[in-house]
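Notes follow the structure.
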Amino acid sequence: MSVASEASQVNLDFLINDLGLRQVSNTALFRKGNILVISPSVQNKSNTFELGESLMKKYDPETDEGYLLIRIKDKFLMAKLHPFQRKMMTAETEKSTKSKPSFWKFNVIESIIPRIENNGDRELTYKIQAPTSKQLVSFFNKMK
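My numbering runs 62 ahead of the 1-based position in the sequence shown.
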């Protein structure tokens, strides 16, 4: 197993078994009823992650209750997806390459009040919650 695929497996069992989320294909996308969770795994020294346009197209704020649930090392960071998307995923910071469809790149800044920083514009930041595993279980298991 490659290092990248090992990283994507971190806390995957917790999302599926404890939170009751269902993984969509082999992606960072999970569902539970009308709940949609995008859960990138951040296991690198630079604390970076990417969200691709193709993944974001699967989210419909009209019908889905969306969350960003970042698995960073042995912790979790969480935000409502729609406000995060509106503030942090701008056309100006969207990237693309010849081999990769459009995406946005972010850095997790770990501190007393953790935040996400847009890699394309370091002034663009978003404060994010750091719930415990117990809080996540309680939150997701009261939803159908």
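Here a beta-carbon is modelled for each residue, glycine too, at the ideal position from N, C-alpha and C. Everything numeric in this text was worked out from a predicted model, so none of it was measured.
Give the straight-line distance between the Cα atoms of Gly-241 and Thr-194, rounded to the nearest whole angstrom. Coverage of the chain is limited to positions 63 through 206, which leaves residue 241 absent and any answer about it impossible.
Taking DSSP as the reference, what is the three-state secondary structure of Gln-191? For the purposes of this step, residue 191 is taken as residue 129 along the sequence shown, with counting starting at 1. The answer is strand: DSSP assigns Gln-191 an E or B state.
Helix, strand or coil for Asp-75, going by three-state DSSP, please let me know. Taking the sequence shown and counting its residues from 1, one reaches residue 75 at position 13. In the structure shown, Asp-75 sits in a helix (DSSP, three-state: H, G or I).
Give me whichever residues DSSP pairs with Tyr-129 in a beta bridge. Mapped onto the sequence shown, residue 129 falls at position 67. Partner(s): Val-99 and Lys-142.
For Phe-165, collect the residues of the same chain with a Cβ closer than 8 angstroms to its Cβ; drop the 5 residues on either side in sequence, then sort them by chain order. The residue you call residue 165 lines up with position 103 of the sequence shown. Closer than 8 angstroms at the Cβ level, and outside the excluded window around Phe-165, lie Glu-112, Leu-113, Gly-114, Glu-115, Glu-156, Lys-157 and Ser-158.
Just reading off the beta strand (DSSP E) that Glu-179 is part of, what are its end residues? Within the sequence shown, numbered from 1, the residue matching residue 179 stands at position 117. Segment 177–180, the beta strand (DSSP E) holding Glu-179.
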